[in-house]
Each structure stands twice: as C-alpha cells, then as structure tokens.
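Engineer:
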Amino acid sequence: MGRRKIEIATLKDPNTRQVTFSKRRTGLFKKANELSILCGAEIAIVVFSIGNKPYSFGHPGVDVIAAKFLQEAANSSDAKQIDAQGNNPSNELGDMNRLNQQLSDVQTQILEEEKKGAEHDERLKQHQVTQLSQYKELQASYLELQHRVKDYVNAIEVSECMILLAQEPVVGITKQVTTKRRKNN
Numbered sequence: 001m002g003r004r005k006i007e008i009a010t011l012k013d014p015n016t017r018q019v020t021f022s023k024r025r026t027g028l029f030k031k032a033n034e035l036s037i038l039c040g041a042e043i044a045i046v047v048f049s050i051g052n053k054p055y056s057f058g059h060p061g062v063d064v065i066a067a068k069f070l071q072e073a074a075n076s077s078d079a080k081q082i083d084a085q086g087n088n089p090s091n092e093l094g095d096m097n098r099l100n101q102q103l104s105d106v107q108t109q110i111l112e113e114e115k116k117g118a119e120h121d122e123r124l125k126q127h128q129v130t131q132l133s134q135y136k137e138l139q140a141s142y143l144e145l146q147h148r149v150k151d152y153v154n155a156i157e158v159s160e161c162m163i164l165l166a167q168e169p170v171v172g173i174t175k176q177v178t179t180k181r182r183k184n185n
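Sequential numbering from 1 applies to the sequence shown in UniProt numbering.
Right under this line is the structure:
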C-alpha cells in the first residue's frame with residue numbers, strides 16, 4: 001500500500017483533527033530531537049492544541065532557549081535604540097534586560113535545586129533501606145541473645161538445685177554412696 005500524498009487542508013471532523021494533531025506533534029518533536037542531536041542545534045518548539053493546551057519540546061530546554069532568544073531580541077532592540085550620538089537606550093529597557101537575566105538565573109538555580117532535591121531523596125531512601133536491614137539484623141541478634149540468656153538462667157537454676165541437693169538430701173531419702181564397678185573384659 002505504501003505512503004500516499006494527502007491534500008493539505010483543514011480537517012472537518014474534530015476527532016480526526018485531534019488524532020492527526022497528536023501524531024503530527026509527536027513526529028515534529030521527534031524530528032526536532034534528531035536535528036538537535038545531529039547538528040548540535042538548540043531548539044524550542046511550542047504548539048497549542050485545538051483545545052488551547054500547550055505542548056513544548058526543547059533541547060537543552062524550552063526555558064533556556066526562550067531566555068536566550070529573549071536576551072538576543074533585547075540586545076538587538078537595544079542596538080536599534082542607540083542614537084547616532086551613542087546615547088544609551090531607555091532605563092525601562094535596561095531594567096527589562098536585567099530582570100530577564102535575573103529570571104533566567106533564578107530558573108537555572110531552581111532546576112539545579114530540584115536535581116539536588118531528587119538526589120537527596122534518593123539517598124534518604126537508600127539510607128532508610130539500609131537502616132531497615134540493620135534493624136532486622138539487630139532484631140534477630142536480640143532474639144538469639146534472649147534465647148541464650150534463658151538457657152543460661154535455666155542452667156544456673158539446675159546447678160543451684162543440684163548443689164542444694166548435694167548438701168542436704170531430701171527428707172526421707174538416706175544418702176547412699178554408690179560405687180561403680182568396672183567390667184573386666
């Protein structure tokens with residue numbers, strides 16, 4: 001069957017339009033990813049669906065590319081606003097650039113902190129698992145120690161009874177000396 005050329009026109013059926021949007025969006029993002037890998041390009045794509053829902057793809061990130069684009073746009077508009085005498089652009093534009101730079105810096109810090117937080121969460125989980133296994137080992141050791149102590153206590157009680165019986169025989173039973181006879185073979 002193969003591929004066939006389709007006419008590029010607005011689709012009438014909303015369900016078909018939504019399915020086509022989803023498939024084409026995926027293909028577009030895939031191609032953008034390939035372009036960024038093959039050519040080392042920095043790419044940002046933002047697409048709004050029929051329902052006005054945003055979808056984005058960016059390499060290294062949409063925020064990074066948008067900040068870079070806005071910075072370059074602000075720099076080019078600064079150059080246009082400088083007059084022939086070399087005067088600086090208006091303070092508002094300078095403030096806007098400074099604020100954009102601060103926003104970019106804060107966003108970068110947020111991403112770094114989120115990464116650190118994820119690493120800390122992972123370490124905490126590993127530590128909890130380690131502590132749990134150590135706790136189980138200690139619990140098993142404790143139970144074994146408890147059994148040994150009970151055995152020792154029982155052995156001591158038996159020894160005490162034997163010593164008492166050896167010193168004072170039970171009333172009514174006379175002490176008899178028994179000798180063992182050797183069998184001569």
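Ideal Cβ positions, reconstructed from N, Cα and C, are used throughout, including at glycine. Note that the structure is predicted; figures quoted are calculated from it, not measured.
Looking at I45: is its Cβ nearer than 8 Å to the Cβ of L35?
Structural biologist: Here residue 45 corresponds to residue number 45 of the sequence shown, with the count starting at 1. Here residue 35 corresponds to residue number 35 of the sequence shown, with the count starting at 1. Against a cut-off of 8 Å, the Cβ pair of L35 and I45 comes out as no contact.
Engineer: Go ahead and pull the three-state DSSP assignment for G51.
Structural biologist: In the sequence shown, counting from the first residue as 1, residue 51 sits at position 51. In this structure, G51 counts as coil in the three-state DSSP scheme.
Engineer: Judging by CA-CA distance, which residue of F29, I50 and K31 is the nearest neighbour of R17?
Structural biologist: By one-based count along the sequence shown, residue 17 stands at place 17. The shortest Cα separation from R17 among F29, I50 and K31 belongs to I50.
Engineer: Helix, strand or coil: how does DSSP classify A84 here?
Structural biologist: As a working note, residue 84 is residue 84 in the sequence shown. Because A84 sits at a pLDDT of 43, beneath the cut-off of 50, its placement in the model cannot be relied upon, and the following sentence gives the value as read from the coordinates. In this structure, A84 counts as coil in the three-state DSSP scheme.
Engineer: Please go through the UniProt domain "MADS-box" (1 to 61) and give each complete beta strand (DSSP E) segment of 3 or more residues, from N-terminal end onward.
Structural biologist: Fully enclosed beta strand (DSSP E) runs of 3 or longer: 43 to 48 and 54 to 59.
Engineer: Under 8 Å, with one C-beta from each stretch per pair, do the region 61 to 70 and the region 27 to 41 reach the 3-pair mark?
Structural biologist: Short answer: they don't touch.
Engineer: Consult DSSP for E119 and reduce its assignment to one of helix, strand or coil.
Structural biologist: Start at 1 with the first residue of the sequence shown, and residue 119 comes out as number 119. In this structure, E119 counts as helix in the three-state DSSP scheme.
Engineer: Any idea what DSSP makes of E157, helix, strand or coil?
Structural biologist: For the purposes of this step, residue 157 is identified with residue 157 of the sequence shown, where counting begins at 1. Here E157 sits in helix by DSSP.
Engineer: Does E168 come out as helix, strand or coil in the three-state DSSP assignment?
Structural biologist: On the sequence shown, residue 168 is found 168 positions in, with the first residue counted as 1. Coil.
Engineer: Take E72 as the anchor and find which of G27, N100 and V19 has the nearest alpha-carbon.
Structural biologist: The count along the sequence shown starts at 1 and reaches residue 72 at position 72. Looking at the Cα atoms, N100 is the closest of the given residues.
Engineer: When you compare only the Cα positions, how much space is there between V19 and S104?
Structural biologist: Working through the sequence shown from its first residue, we reach residue 19 at position 19. Working through the sequence shown from its first residue, we reach residue 104 at position 104. V19 and S104: Cα-Cα distance of roughly 35 Å.
Engineer: With a CB to CB cut of under 6 Å and the five nearest residues on each side skipped, what residues in its chain are close to E74?
Structural biologist: Against the sequence shown, residue 74 aligns to sequence position 74. Sequence inspection shows Ala at residue 74; the Glu mentioned does not correspond to that position. Correct list, in chain order: N97.
Engineer: Alpha carbon to alpha carbon, how far is L70 from E112?
Structural biologist: The sequence position of residue 70 within the sequence shown is 70, counting from 1. The sequence position of residue 112 within the sequence shown is 112, counting from 1. Going by the C-alpha atoms only, they are around 22 Å apart.
Engineer: How big is the Cα-Cα spacing for T130 and Q139?
Structural biologist: Stepping through the sequence shown from its first residue, residue 130 is reached at position 130. Stepping through the sequence shown from its first residue, residue 139 is reached at position 139. Their backbone Cα atoms lie some 14 Å apart in a straight line.
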